[in-house]
Amino acid sequence: MEISESDITRLLHDLELDHKQGLDALLPLVHDRIKALAGRQLSQYPRSSTLSPTVLVNEAYLKIRDASSTRWENREHFFAVVAVVLRRMIIDYARASQAKKRGGDDRAVSEAELAESGIAGFTQDRSETLLTLDEALDRLAEIDPRASRIVELKFFGGFTAREIAEAMATSEMTVKRDWKFARAWLKQAMDA
């Protein structure tokens, strides 16, 4: 089903009246876009038998549905939040995978729990790279929050420079300049 960007924004504003019911109505309309975001993020990691774009969409939906205090400004804001939620979920899976490989934290994690949570499939090298990127992105946010946000929207959200500029109420030139800076900064931080 084809839905316009203004329809999505209108539906998001309507969510203020009934958050959970509104999201239930909106999800089928944006499911494919969210699934594409999840697939894009997962494509950078080894295929998992349990962690799939569909699993991420469903879990992201539940997290967003529980965050009833969110006021959606427009569709860019909604998809930006979705991209961040997806990023955080993948980071959590990578951390859990690393903890399992290192013998766990405070308690042993059963194979059934790992399979149920969708962790299976991350290799140690890929998980470490993902965790290094996440830490570097958090450090970048401390020194340049706008550049960090641009990375999230572009890399994790699949936004174009024009869409990022609209979402952040800035110019496309600023987005491109900050993206160039952020890429160089992250490369240097991850190499160190």
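Numbering-wise, my numbering puts 175 at position 174 of the sequence shown, and it's gapless, one number per residue. By construction, the Cβ of each residue, glycine as well, lies at the ideal position given by its N, Cα and C atoms. Keep in mind that this is a model prediction, so the values were computed, not measured.
Measuring alpha carbon to alpha carbon, tell me which of 59, 39 and 54 ends up nearest residue 28. 59
Contact check, residue 131 vs residue 92, beta carbons under 8 Å: yes
Note down, one range per segment and in chain order, each alpha helix (DSSP H) of at least 4 residues found wholly within the stretch 127 to 180. Counting whole runs of 4 or more residues, the stretch 127 to 180 contains the alpha helix (DSSP H) stretches 146 to 152 and 162 to 169.
Following the continuous alpha helix (DSSP H) through residue 52, name the residue where it begins and the one where it ends. Premise fails: residue 52 is in no alpha helix (DSSP H) and is neither H nor E.
Suppose the cutoff is 7 Å on Cβ atoms and the five residues either side in sequence are ignored; what does the same chain contact list for residue 137 look like? 187, 190 and 191
Neighbourhood of residue 24 by C-beta, 8 Å cutoff - its chain only, sequence neighbours within 5 removed: 16, 62, 65 and 66
Which same chain residues, not among the five before or five after residue 38, have their C-beta less than 7 Å away from its C-beta? 83, 84, 87, 158 and 159
Evaluate residue 9 with the Cβ neighbour count: other Cβ atoms within 10 Å of its Cβ, from every protein chain shown; 16 or more gives buried, anything less gives exposed. buried
Could you pull out every residue in the same chain whose Cβ sits closer than 7 Å to the Cβ of residue 167, ignoring the five residues on either side in sequence? Setting aside the 5 residues that flank it on each side, residue 167 is surrounded in the same chain by 77, each with a C-beta closer than 7 Å to its C-beta; the list follows chain order.
Can you list, in chain order, the residues of its chain with a C-beta nearer than 8 Å to that of residue 182? Leave out the 5 residues immediately preceding and following it. 145 and 148
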